[in-house]
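UniProt numbering puts the first residue of the sequence shown at 1, with every later residue one more than the last. Working notes, structure below.
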Amino acid sequence: MGEDTPMCTSPLSTDPDSWSITVGDGVPSGVRTVPSNMNSRYRGHPNYVSTTKFTPLTWLPKSLFYQFQRIANIYFLYIASIVVAGSFRGHTPFDYSTKSWHSKIFPFIGVLLWTALKDLVEDFRRGRDDRRENMRRTWRYDGSKAFVEVAWSEVLAGDLLKVPCDGAFAADLLLLRASGNGQAFISTANLDGETSLKERLGPHIFGELVAAAGGPDEAEEAARRICEMGLEVKVALPSAALTDVSATCKLGAMGCPASEVSFLPRGCVLRNTPWVLALAVYVGDDTKTRLNMTAATTKTSNMQKFLNRMVWGLLGVLCVFCIYCASRATGMNTNPEYLNCCNDFVYWVIMFFRFNITFYHVVPISLYVCFEMLKLVLGHLVNQDPTMFYPSQADPGVKEGAFARTADLIEELGQVDFLFSDKTGTLTANEMIFAKCYFGGADYGDFRQSAGAPGTEVVKRHIGSGARIAEEAASFFTLLSLCHGCQVDKDEEGKYHYSAMSPDDVALVQGASDVGFVFVSRNRTPGAGSFDLSVEGPRGRQSYTVLHELEFNSDRKRMSVIVRWDGEIWCLTKGADSVIMNLLETAVSDDVRGKLSEFSKQGLRTLLFARKKVDETYYASWAPRFVAANGVLDKTKEADIARVAAEMETELTFVGVTAVEDRLQDGVPEAIATLKDAGIRVWVLTGDKIETAVDIARSSRLFNDDTTLAYATLAQSQAETLQLLEDAKAKLAKSSDPGLVLDGATVGYALESPEMRQLIYDLGLSSRSCICCRLSPMQKRRLVELVRQANPATITLAIGDGANDVPMIDGAHVGIGIRGKEGNQAVQASDVAISQFRFLVPLLLNHGRRAYRRVAFFLLFFIYKNIALAMADVVWVHQSVFAKSIAFPEYLSMGYNVVFTSIHVIVCLAFDSDVPDDVSVANPSLYRVGPNRALFNIWSFIEWVLFALWHGTVMWLVPYRIVNDTFGDTGYDQEDSSLDFWLGSACAFFILCLIVNLKLLLLSESLCKASTWVPVVVALLFYVVYGWGLGYTSLGWQFQESMKEVPLKIFWTGETWAAILLASSIALFPDSVLRLVRWVVAPSPLEIVRKKKGGVGCCGASCLGTRSRLNLVVPGVVEEGNVSEKI
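Below is the structure:
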């Protein structure tokens, strides 16, 4: 290394807003970093990554800590604790427990251990993936003219890495040079899902290394020269933003800034480039990939919240009842042995604990476990639905189905009130086609191949005519072929193929190519920050030097290139008309405005093109400021770049207008019409101009010919916004098919006022559809939040396909990501991923509607069956005068919530179908039961509780009176199987299991399906197996001595059979009558459909199978749960 080479200076090491890396130049270890601990983490392996949550020592404590965040587990821990405390037999008063400790401790420990083991398995898989990632290999320069292969975990900040073609980047790298002309192409699909390749260029000061290196070992030679000259890199602090990349480089005495165009993110892959030489600047947890691996927003379904409230309510009632029982027991002195060893207060506490133990199964430990299992099954059904499979864009030849990324929100899909949708790439295919253009005062017709492309032929004739219009056409289409970010490839047949991050760029470049202005190459200028574009036109191949590219973003809404050609410098600009018009030296004519309006009304996306000649002196003063702005390392960089760019983009001359078509996806109009018929309010949120958005809304059937439109747009103050919204409300109040049109300016003012926020929500309720134009990504999210805050019970769904849709998706109750061409960010942020907008119809109307019904039934059924079980103890505790006794044998009742009434319920409900999918879609009004909360509300909860009280009372009292009237007459002893009490108890228990399962069948929508009745039969038959094991084996006697030779006696006597038949009939008689009355007198929309389709009300979809394709008509109204006129 040369001794005269400059060293790293102190300002780099003291700047708190940046890090610095110095390579070579006499540094003792070869690399110096500031801060100095960049390479000391993970014991000197800073690039080591770990996604595991646990270590062998922390696994169990951490898992238990997470599990006890759930209040139910705290309740079960409390029960287990007081059971253990009261299980000291012969040690009064510490023998108060009515149940053995092992029957509570072991199941509870089993549940906790099962969850802990599940956490461990998941963590083991994460660790296995980590090891694979850390052991991947890359090539590192060792300082002795050679590259050696090392593991990714051994890479340090400041390492010089050589990455071959198709190799992945081991860390966040700064590109120094690439083979050939200095250009590199990378795939970022694993990071953002975008399939188009990105061009990367090293800082121009490394261009001399290209010329100086050469030879077969040029990478080694380049690395050697970098170390000799000394490289000093200053980078901004690590940031999660993928585009937030700033650096300054100093090679010897030369310096320059570096930006995103020189950045190679970890995990991305080098393509179409033999090799690159790069510097590791961010490693391990500081890389973009790791910083973006944040936990997603935790979402809890409304039904889960309601369940939690129900559980709290039940626990509250249980507490009150236990206080009542303890007080009665204390007042009546029912257990005198305790009074001899403790005072009244301690006695009362003991009785309170005892009754807590007796009635604890009102909230069973299996509730949440079975709830999660049901949701997993429902999520799996979504994933396997063949109607939602679609060819993958990422893997040709492979079809991808819907994917429920979380099953926790599956029932929310059946309760959606508001649907917020992006437009581009969500409703449209995001396949841009150059459709029309306007320049030289004329519209040249249609350029689309589907229309025969007459415009292309017209322009070609003009270009060949030599007239003035030929010059204007050449200027216009040359501008199109230069002002873009496209990459070009040439296939074996000699055809050029274009790719870009923006589909608009591809469409415009292809449009210029079709008329004879073919973009053929983009080449980096060695040793400089510029690049050359070659365009093959009527005058042959022309080369243009692009000095600077002023990139497009959502704030600027325009892009420009500074081009040098034929000794002159030009600024070429394209962008939204609302932006470009304000930058023109002379206002556009009315003809131009008329064409913009005409193109927009045809649903085409328009752009304005403009240019100006730049004075050499002005450019010489402007360019250093722009370079300096790009070299800023702090958070002001974007603002500085925008400010300097805006200085160039002034006093432009209008050139022309382009109109690009973004066609609708297949089935979008039908899908929107169906969703609206289902009562869902559909809002389309887009950045397009008003005319374009409204036309798309009409073509997609968001608005119909009869829709009354109210516009609240172009507001310039809060007062004007308020007036516009009030006028819109008055107008829509008189319409039967109202539609609302908003824009970003109006929404911006409205969001600042609570009064106007409520007004927008009221307009949303009164209108069935709305289109919001010119919105920013955060305005989209704030509209979703507006609806959620106005009515927390309203379920919102957001669907989009791009990174700009992520805030909206994350802010809704349910987020749907569409696999598209704008990257994978929307899918990664979503709860469910699909491939086409039209798949919302089966997702909501089939899976969502059924999931809501199934989950509602499951929760109510689970609460019902346990209240019914507890009623036996409630009645018996009064019969026994609050003595220390339980109604059912402990280990017999344990099976109740495991095998007799739980596991098979998941199977029955998960596959319980009401009507076939096509009938469900043809009758969208069936969906309204979810948004109307018709199946899961306080009244349905009360109804199920009343039935539980009735069934529980009947199943206990009937055998109490029939089975020789022996209940309570021959005494009570938990260990004495000779007492007839336990025969009657076992009989009552079987009656309860029978009643509960018969009720399950009674309310089933598809009784004829084997998946409904077979599990029920198996569960009841299992009673025989379970009873035999408990009452007729020595092992069973050790656990429950009172059941010795008892459980199967209930099938041997006439009295018990009489009790079983009579109790079941009496208990279920009200259920049957109520079901029949509702079917005949007040049928639900579902029952009306099934009647018309020929179902008899028991077999559901299976009964309708062969006749489900019929289209019948039933009188009714769509709104509020009534049946649609179309079935």
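Think of the CB as a built atom: it goes at the ideal place given N, C-alpha and C, for glycine as much as any other residue.
Sorted by chain position, which residues of the same chain lie with C-beta nearer than 6 Å to residue i's C-beta, five sequence neighbours on each side aside?
{"i": "F1022", "result": "V899"}
{"i": "K234", "result": "L12, S18, S20, T248"}
{"i": "L859", "result": "L307"}
{"i": "G379", "result": "A404, A407, I410"}
{"i": "A512", "result": "F477, L480, S481"}
{"i": "I696", "result": "G603"}
{"i": "I569", "result": "V614, Y619"}
{"i": "Q974", "result": "Only weak support exists for where Q974 lies, its pLDDT of 48 falling under 50; the value from the coordinates is given anyway. Once the five neighbours on either side are set aside, the close Cβ partners of Q974 are S1042."}
{"i": "L732", "result": "A710, P738, S766, S767"}
Could you tell me which of the options sits nearest to residue i, measuring between CA atoms?
{"i": "A798", "options": "Q789, A790, P792, I809", "result": "I809"}
{"i": "K399", "options": "A623, S1042, T387, I816", "result": "T387"}
{"i": "M559", "options": "D119, R593, D504", "result": "D504"}
{"i": "G748", "options": "D737, I760, G739, L740", "result": "I760"}
{"i": "R468", "options": "G440, T188, E492", "result": "G440"}
{"i": "L1068", "options": "E1087, E1045, L1000, D762", "result": "L1000"}
{"i": "A587", "options": "G537, S621, V655", "result": "V655"}
{"i": "I867", "options": "L161, P1047, F941", "result": "F941"}
{"i": "G255", "options": "S767, L231, F888, P274", "result": "L231"}
{"i": "R539", "options": "P807, I463, V1016", "result": "I463"}
{"i": "W101", "options": "V954, L113, F1039", "result": "F1039"}
{"i": "D532", "options": "R541, V546, F519", "result": "V546"}
{"i": "S776", "options": "R854, A851, K734, T686", "result": "T686"}
{"i": "S771", "options": "F839, W683, T707", "result": "The residue asked about is misnamed: residue 771 is Ile in this sequence, not Ser. The candidate whose alpha carbon is nearest that of I771 is W683."}
{"i": "V881", "options": "M351, R32, G252", "result": "M351"}
{"i": "K423", "options": "E551, L702, I1050", "result": "L702"}
{"i": "A1058", "options": "I991, S1084, V1014, L1002", "result": "I991"}
{"i": "E457", "options": "Y444, S450, G466", "result": "Y444"}
What residues match up with residue i in a beta bridge as DSSP calls it?
{"i": "E549", "result": "V561"}
{"i": "S18", "result": "A236"}
{"i": "E568", "result": "W565"}
{"i": "P624", "result": "For P624, which the question treats as bridged, DSSP gives no partner whatsoever."}
{"i": "S769", "result": "V682, G739"}
{"i": "G815", "result": "A798"}
{"i": "D1071", "result": "Beta-bridge pairing links D1071 to no other residue."}
{"i": "Y1023", "result": "Partner(s): none; Y1023 has no beta bridge."}
{"i": "G537", "result": "G540"}
{"i": "Y496", "result": "K490"}
{"i": "E400", "result": "Y390"}
{"i": "I433", "result": "E661"}
Rounded to whole angstroms, how far is the Cβ of residue i from the Cβ of residue j, which I believe are closer than 8 Å?
{"i": "N897", "j": "S366", "result": "5 Å"}
{"i": "D417", "j": "I795", "result": "5 Å"}
{"i": "T248", "j": "P257", "result": "5 Å"}
{"i": "F434", "j": "Q510", "result": "6 Å"}
{"i": "S259", "j": "R200", "result": "Wrong, their Cβ atoms sit about 11 Å apart, outside the cutoff."}
{"i": "I818", "j": "T426", "result": "6 Å"}
Excluding five sequence neighbours on each side, which residues of the same chain lie with their C-beta closer than 7 Å to the C-beta of residue i?
{"i": "E691", "result": "S597, S600, K601"}
{"i": "E651", "result": "E585, K612"}
{"i": "V369", "result": "V111"}
Would you mind stating whether residue i and residue j have Cβ atoms separated by less than 8 Å?
{"i": "S103", "j": "Y891", "result": "yes"}
{"i": "P842", "j": "V921", "result": "yes"}
{"i": "G202", "j": "A178", "result": "yes"}
{"i": "K162", "j": "A219", "result": "yes"}
{"i": "A790", "j": "Q758", "result": "yes"}
{"i": "D743", "j": "T713", "result": "yes"}
{"i": "S81", "j": "I357", "result": "no"}
{"i": "R681", "j": "L419", "result": "yes"}
{"i": "V806", "j": "A833", "result": "no"}
{"i": "A1063", "j": "V996", "result": "no"}
So, for residue i: in the same chain, excluding its five sequence neighbours on each side, which residues have a beta-carbon less than 8 Å away from its beta-carbon?
{"i": "W59", "result": "A116, D119, L120, D123"}
Please confirm whether residue i has its beta-carbon closer than 8 Å to some beta-carbon of chain C.
{"i": "S1006", "result": "This model lacks chain C altogether; it includes just one protein chain."}
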